[in-house]
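Trainee: Protein chains in written order, with this note's numbering: chain A, 195 to 408; chain B, 158 to 440; chain C, 18 to 260; chain D, 640 to 931. We put the CB at the ideal spot given by N, CA and C, even for glycine. These figures come from a predicted structure and were not determined experimentally.
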Amino acid sequence: MSSALRRRGPYTVITLLILFFFVTYLFAVPTPVQQFSSQLLQWAAVVAYFAILVGTIDIIRYHLGPLRSKQPGRWQYSGALIAVLVIGLILGVSGVLSGKGTNYEPFAWLYNAIYVPSNATIYAILVFYIASASYRAFRIRNAQALLLVIVGLIIMFSNIGVGYVIWPGFVPLGNWINAYPVAAAFRPIIIGSGLGVILTGLRALLGREVYGRE
Amino acid sequence: MSWIQKVDKILSIRQILYLLLIAVVLVILLNPLAIPIGIAGATRDVYNYIDKLPQNPKLLIDVHYEPAGGTEMQPAAIALLRQLLPKGPKIVFFTTHSVGPIMFERLKANAPDVFSQLKYGEDYVFLGFVPLTEATIASIANGAKEFVAKDPYGSSTADMPIFKIADKATDYNVAVCISTSTDPVEWYVRQIYTPFKTPILFMVVAVIGPSVQPFVASKQAVGMISGQNQAAQYELLIKRPGSAVAALDAQSGAHVLIIIYIVLGNLVYWPMRLMSKKGRKTS
Amino acid sequence: MLPPFFDTFGLWIGAALTVWLFSFAFKDNALYKLAEHLFVAVAAAYSFTIAFDGIIRTGINPVQQGNVSRIIPLIVGCFFFAKYFGKYSWIARFGPAFAIGVGLGVSVTTAPEGFVLAQVKATMLPLWSADPITALTNILMVLIVLGGLTYFMFTFVPGIRGPAKKTPFSRLYDVFMKIGIYGMMVGFGTLFASTIVSRVAYLIGRLTDLIASPQASVVAVVLALAAMGYAYRQEKKTAVGKA
Amino acid sequence: MESVKGFLAEKSGLFSLGFAFSTLPSAAAPPPVLGFINPGRTATLVLLLILFILGYLFVNQAQKGRKFPIRTIAGFEAIKEAIGRAVETGRPVHYTFAYGQLYSGYAPQFMAALGVLTHVSKLAGQYGARLITTFGVPEAIPMVEEIMREGYRAAGKPEMYKVGDARYLTTEQFAYAAAVQAMILREKVATNIMLGPFAAEALIFAETGANAGAIQIAGTARETQIPFFVLVCDYVLIAEEMFAASALATGDPTTAASLGAEDVGKIISIALIILGIGALLLSMNLGPLLSI
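#1: Pull up the CB-CB distance for Ile931 of chain D and Thr681 of chain D, whole angstroms please, since I reckon it's below 8 Å.
#2: Taking the alpha carbon of Val282 of chain B as the point to measure from, which residue in B:Arg171, B:Ile194, B:Asp324 and B:Ala411 has its own alpha carbon closest?
#3: Among the candidates C:Ile161, C:Arg188 and C:Ala139, whose CA atom is the shortest distance from the CA of Ile371 of chain A?
#4: For a test of the three-state rule: what should DSSP assign to Phe837 of chain D, helix, strand or coil?
#5: Please check the pair Ala306 of chain B and Pro79 of chain C, which I expect to be a contact at CB under 8 Å, by giving their CB distance rounded to whole angstroms.
#6: From Ala236 of chain B to Pro366 of chain A, what does the alpha carbon distance come to, in whole angstroms?
#7: Could you tell me the boundaries of the alpha helix (DSSP H) in which Phe691 of chain D lies?
#8: Tell me which same chain residues have a C-beta within less than 8 Å of the C-beta of Leu28 of chain C, skipping the five on either side of it?
#9: CA-CA distance, Tyr874 of chain D and Gln136 of chain C?
#10: How would you list, in chain order, the residues of chain A whose beta-carbon sits under 7 Å from the beta-carbon of Thr863 of chain D?
#11: With 8 Å set as the bound, which would you pick, yes or no: does the beta-carbon of Gly395 of chain A sit closer than that to a beta-carbon of chain B?
#12: Just to confirm, are Glu53 of chain C and Ala817 of chain D a CB contact at a threshold of 8 Å?
#13: Which residues, in order along the region 189–218 of chain C, keep a beta-carbon less than 7 Å from a beta-carbon of chain B?
#14: What is the rounded straight-line gap between the Cα of Met833 of chain D and the Cα of Arg724 of chain D?
#15: Do you know how far the Cα of Met822 of chain D is from the Cα of Lys434 of chain B?
#16: Would you verify that the beta carbon of Trp361 of chain A is, or is not, closer than 8 Å to some beta carbon of chain C?
#17: Along chain C, which residues have their Cβ under 8 Å away from the Cβ of Ser375 of chain B?
#18: Measure from the alpha carbon of Leu55 of chain C to the alpha carbon of each residue in A:Gly259, A:Ile281 and A:Leu235, then state which is nearest.
#19: Is the Cβ-Cβ distance between Phe39 of chain C and Ile253 of chain A less than 8 Å?
#20: Taking Ile854 of chain D and Ala721 of chain D to be in contact with their CB atoms under 8 Å, please state how far apart those CB atoms are, rounded to whole angstroms.
#21: Where Gly197 of chain C and Gln229 of chain A are concerned, what is the direct C-alpha to C-alpha distance, given to the nearest angstrom?
#22: For chain C, check one thing: does any of its Cβ atoms lie closer than 8 Å to the Cβ of Ile334 of chain A?
#23: Does the distance from the C-beta atom of Ala199 of chain B to that of Gln387 of chain B stay below 8 Å?
#24: What is the DSSP secondary structure of Gly83 of chain C, reduced to helix, strand or coil?
#25: So, at 6 Å on beta carbons, what are the nonlocal neighbours of Leu217 of chain B in its own chain, with the 5 sequence-adjacent residues on each side left out?
#26: Shorter than 8 Å from the beta carbon of Ile185 of chain B to some beta carbon of chain A?
#27: Within 8 Å (strictly less), CB to CB, does Val828 of chain D reach chain C?
#28: Taking the straight line between their C-alpha atoms, what separation do you get for Leu663 of chain D and Pro356 of chain B?
#29: With DSSP collapsed to three states, give me the class of Tyr791 of chain D.
#30: Compare the C-beta of Gly384 of chain B with all C-beta atoms of chain D and state if any pair is closer than 8 Å.
#31: Per DSSP, what are the beta-bridge partners of Arg806 of chain D in this structure?
#32: Closest by CA to Val310 of chain A, which one among B:Ile294, B:Gly226, B:Lys265 and B:Met230?
#33: From Ala152 of chain C to Gly915 of chain D, what does the alpha carbon distance come to, in whole angstroms?
#34: Near Tyr256 of chain A, what residues of its chain come up, given a Cβ to Cβ distance below 8 Å and the 5 sequence neighbours on each side ignored?
#35: Answer yes or no: do Val726 of chain D and Ala768 of chain D have a C-beta to C-beta separation smaller than 8 Å?
#36: Any Cβ of chain C within less than 8 Å of the Cβ of Val869 of chain D?
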């Protein structure tokens, strides 16, 4: 029993759920069934919160490794990480239990001082990479690259004030490129991803998708 | 090594380019240039659409951006709220980004003129963080009040007057997705527009703007504000220039630097390529 | 309330972390690693808190208010933790299975209209119009879409079963493949150029914050330079040692 | 200045999109189609049924031996040459496939990346190249180890597999990115292959690989990252090409069969577009038919 549940269980759950939504979305079903489908959606959203909890536990477990083995050049960082994480957890959970949530002052201080600037900066590093990539990558090696570079330059000029000063037409031209050729260029990718979703659904139904396998 | 290869070598030193970039942005931030800004048709379309909304419009807004994207998305969000304010909007805010609650508090703090005139629970409500899944968006669309029993401040949603008029996707005049990622954008299309035909409006970072264009072109979305440049244009349209307009001068500076590097890259590349071809022929 | 000292302290930490994380672009160093680990720690603590809060508001509170069925997702959610208990780790797969099943259920049913039919419908454009710009725009759009769709076909394409003679049909296929590639280049050029706006915006945001606390920034820059110099020297030493 | 703006406003009106303002649903719900299909969803039902039935038939036929050939994909073909070059230079091949949870919306991309990895490790075994795989997907650790070990074993060189060459890093984006970046530079990789749902780190890797002078082959179905790969890398697998490459790599007939079913979906789309345009010629609008 337990082995059958183990092997077929998750796959059966996925199959039943897909079929249920297939029917309730497409066919006129009685109102209680419709309501139940809305219930299922809410349940799935609640379940998704738990994945985040597990993610945090995984991070702690991962960093306990270097800390335990005193891995040179790493254990100090892992130690600092776990210490700050635990402080953050204590502050955060006590904030939630006290009813103030994330607005609990010490916790708010922690994320405003560390999280907000770090998050913003870590993405801002990318500006350097895109700048140096522009120097080497935007070279006209062939006809395709020529088109890419010309369009890129037009869009750059249409996005900034300097472009508008040089030639006001850059703005409507950039707008046109975005609204028509670019929309058309990404349309096949969107159609493809839509078809991909449908086929993923079918493969899951047939038990051939990764979630259905043992 | 020929002189042109030496030039290439100098230009390839990444650290020089990085320092130049920081210097250009820093200098312009300290000495604004007030370069005029042209307004794109797409921005005007959004402005006109919001302008034509009836009195007391009902909106659903997903604050899906993190501090990094905030520089781009917050000005657009504030401009939208300022344009809506005279109409007496009813807004249900929520966020599918774990940092969303921080960003919402910052949005409130940075637009005191808007939020001081809206009454919590009656004119607007914040549902807090809900996980980033397609089922979540569908749940919000099927009835936000039932899904989230209490707001993050501890009040029960069941008693809030706003949910009597704005609870399900069909109640809203427009659903706004302010996003740094394509996921919520795609799920808005699939779970809010497709089943309920509720008009949706995108406010996205410039990175994902182009890839979202097909949904705007197919009229599945009523419009899109993409990136800091369009946020600045939006600020100009509502006649309240803010941080996006202020940033656009520095944008110009950085762009010009990058464009110069692109041009130099090609000026260096072609002679080198021709030379290496010649070299191969003679050898 | 926190003592006012914390406000200044917070600004200093913020400025220091900004500079240290930036230093990564120039040279990986110890202060960058420290900043990165602090970031991950607070981020993890933050998301845990926010999820915990969410579980209470959408799971436990409704149960308290009488919506008893909400206990089901709470139980299914607890399955996730089974993965830490070797023997019962298989139970953990029911959590994701439930989430994936519902996710696929709602996406498979809405994708045909939302992602395929609506896009197809929007491409049914009149190829002629009194206004030449509209007509040309429409022709261009239709060609690019058909070209892209052709490009993404893998099985049912001419000449797939062995080298075949060029037929008019296979030539047409080649032409549309080309149109598809060039169309995508327009899209990618635009995307690249737009990305610059976002990235520069991030930089502007960071520098604006640093300008707000100049002393802290200067101190942080000096420390970062020292750390980078140290990392550089260490690297040279090991390089010499290896040689 | 104002006049210029006015001119532009007029001009941009020319280019702006016309919006339908009447998209609000009408209050009275229309009755079900044929008495049981929800209004507006008939076309969805038809398309889903066609694809499900065809997909099922194709997968069935594939299991019984029908071949679904796949067109050549330049980026996939290039893997051979790129690994060859790594052997010539005596430097390693690096393969990475992004970070995240396996059981998520990105599962198809992760699985495609693992599929291509089987091909890469087979070739690495045949040519005797050292392969280093880095990734941030914890659930994939056993699969990656098994695939790499098998690649060397099949070529009769099991001793070439070293435990440390299958490197799970972390699920944290920038920690993963920093580690991969450092690895590319330290090991001076000759061939850098990147396939998977990369986010912002795509450009970091591509730039670093270019600095290390590696031949780079990259692919992702995250459309926002494709431009960086197109610009910086030597070969790119654009969006669905990645899935096709995986089918080629594993030789799994059912994967090829479902790609065939997707092709049918695209043929239907092309046919509908051409039909729709043709109907417009006869001043008929087929558009509304797609939303009955």
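Mentor: Taking the coordinates as given:
#1: As a working mapping, residue 931 of chain D is identified with position 292 in the fourth sequence. As a working mapping, residue 681 of chain D is identified with position 42 in the fourth sequence. At roughly 5 Å, the Cβ-Cβ gap stays under 8 Å, so Ile931 of chain D and Thr681 of chain D are in contact.
#2: Residue numbering aside, residue 282 of chain B sits at position 125 when the second sequence is read from its first letter. If we check each option's Cα against that of Val282 of chain B, B:Asp324 comes out closest.
#3: Mapped onto the first sequence, residue 371 of chain A falls at position 177. Ile371 of chain A has its Cα closest to that of C:Ile161, out of C:Ile161, C:Arg188 and C:Ala139.
#4: Locating residue 837 of chain D in the fourth sequence gives position 198, where the first residue counts as 1. Of the three classes helix, strand and coil, the one that applies to Phe837 of chain D here is coil, per DSSP.
#5: If you number the second sequence from 1, residue 306 of chain B lands on position 149. If you number the third sequence from 1, residue 79 of chain C lands on position 62. At roughly 4 Å, the Cβ-Cβ gap stays under 8 Å, so Ala306 of chain B and Pro79 of chain C are in contact.
#6: As a first step, residue 236 of chain B must be located in the second sequence, where it is residue number 79. As a first step, residue 366 of chain A must be located in the first sequence, where it is residue number 172. Their Cα atoms are separated by approximately 22 Å.
#7: Along the fourth sequence, one-based indexing puts residue 691 of chain D at 52. From DSSP, the alpha helix (DSSP H) with Phe691 of chain D extends over Thr681 to Gln702.
#8: Position 11 of the third sequence holds residue 28 of chain C. For Leu28 of chain C, where only same-chain residues beyond five positions count, the Cβ hits under 8 Å are Ala229, Ser230 and Ala233.
#9: By one-based count along the fourth sequence, residue 874 of chain D stands at place 235. By one-based count along the third sequence, residue 136 of chain C stands at place 119. Computed Cα separation, rounded: 29 Å.
#10: For the purposes of this step, residue 863 of chain D is identified with residue 224 of the fourth sequence, where counting begins at 1. The premise fails here: Thr863 of chain D is roughly 10 Å from chain A at the closest Cβ pair, so nothing lies under 7 Å.
#11: The sequence position of residue 395 of chain A within the first sequence is 201, counting from 1. With 8 Å as the cut-off, Gly395 of chain A does not count as an interface residue toward chain B.
#12: To locate residue 53 of chain C, count along the third sequence from 1; it is residue 36. To locate residue 817 of chain D, count along the fourth sequence from 1; it is residue 178. For Glu53 of chain C and Ala817 of chain D, yes; Cβs fall inside 8 Å.
#13: Gly204, Thr207, Leu208, Ser211, Thr212, Ile213, Val214, Ser215, Val217 and Ala218
#14: For the purposes of this step, residue 833 of chain D is taken as residue 194 along the fourth sequence, with counting starting at 1. For the purposes of this step, residue 724 of chain D is taken as residue 85 along the fourth sequence, with counting starting at 1. For Met833 of chain D and Arg724 of chain D, the distance between alpha carbons rounds to 17 Å.
#15: Start at 1 with the first residue of the second sequence, and residue 434 of chain B comes out as number 277. Start at 1 with the first residue of the fourth sequence, and residue 822 of chain D comes out as number 183. The straight-line gap from Cα to Cα measures roughly 34 Å.
#16: Translated into the one-based positions of the first sequence, residue 361 of chain A becomes position 167. Not one chain C Cβ lies under 8 Å of Trp361 of chain A.
#17: Numbered from its first residue, the second sequence carries residue 375 of chain B at position 218. Within chain C, the residues near Ser375 of chain B are Ala135, Gln136, Lys138 and Ala139.
#18: Walking along the third sequence from the start, residue 55 of chain C turns up at place 38. Considering only alpha carbons, the answer is A:Ile281.
#19: Locating residue 39 of chain C in the third sequence gives position 22, where the first residue counts as 1. Locating residue 253 of chain A in the first sequence gives position 59, where the first residue counts as 1. Going by C-beta atoms, Phe39 of chain C is not nearer than 8 Å to Ile253 of chain A.
#20: Your numbering for residue 854 of chain D matches position 215 in the fourth sequence. Your numbering for residue 721 of chain D matches position 82 in the fourth sequence. Their Cβ separation, rounded to whole angstroms, is 4 Å, which keeps Ile854 of chain D and Ala721 of chain D in contact under 8 Å.
#21: Here residue 197 of chain C is taken as the residue at index 180 of the third sequence, counted from 1. Here residue 229 of chain A is taken as the residue at index 35 of the first sequence, counted from 1. If I take the Cα positions, the gap works out to 44 Å.
#22: If you number the first sequence from 1, residue 334 of chain A lands on position 140. No, Ile334 of chain A lies away from the interface with chain C (no Cβ there is under 8 Å from its Cβ).
#23: Against the second sequence, residue 199 of chain B aligns to sequence position 42. Against the second sequence, residue 387 of chain B aligns to sequence position 230. Yes, Cβ-Cβ distance for Ala199 of chain B and Gln387 of chain B is below 8 Å.
#24: Counted from its first residue, the third sequence places residue 83 of chain C at position 66. Three-state DSSP puts Gly83 of chain C in coil, outside helix and strand.
#25: Start at 1 with the first residue of the second sequence, and residue 217 of chain B comes out as number 60. For Leu217 of chain B, where only same-chain residues beyond five positions count, the Cβ hits under 6 Å are Val249, Tyr329 and Ala332.
#26: Counted from its first residue, the second sequence places residue 185 of chain B at position 28. Chain A contact via Cβ: absent.
#27: Here the question's residue 828 of chain D lines up with position 189 in the fourth sequence. Closer than 8 Å: no.
#28: Here the question's residue 663 of chain D lines up with position 24 in the fourth sequence. Here the question's residue 356 of chain B lines up with position 199 in the second sequence. Annotation note: pLDDT 40 at Leu663 of chain D (below 50); position unreliable, no value reported.
#29: Counting from one through the fourth sequence, the residue named residue 791 of chain D turns up at place 152. Here Tyr791 of chain D sits in helix by DSSP.
#30: Your numbering for residue 384 of chain B matches position 227 in the second sequence. It does not; no Cβ of chain D falls within 8 Å.
#31: By one-based count along the fourth sequence, residue 806 of chain D stands at place 167. Arg806 of chain D pairs with D:Thr773.
#32: The sequence position of residue 310 of chain A within the first sequence is 116, counting from 1. Out of B:Ile294, B:Gly226, B:Lys265 and B:Met230, B:Gly226 has the C-alpha closest to the C-alpha of Val310 of chain A.
#33: As a position in the third sequence, residue 152 of chain C is number 135, starting the count at 1. As a position in the fourth sequence, residue 915 of chain D is number 276, starting the count at 1. The straight-line gap from Cα to Cα measures roughly 16 Å.
#34: Reading the first sequence from its first residue, position 62 is the one you call residue 256 of chain A. Taken in chain order, the list of residues that qualify is empty.
#35: Position 87 of the fourth sequence, counted from the first residue, corresponds to residue 726 of chain D. Position 129 of the fourth sequence, counted from the first residue, corresponds to residue 768 of chain D. Contact flag set, yes.
#36: Counting from 1 along the fourth sequence, the entry for residue 869 of chain D is found at position 230. So yes, Val869 of chain D belongs to the interface.
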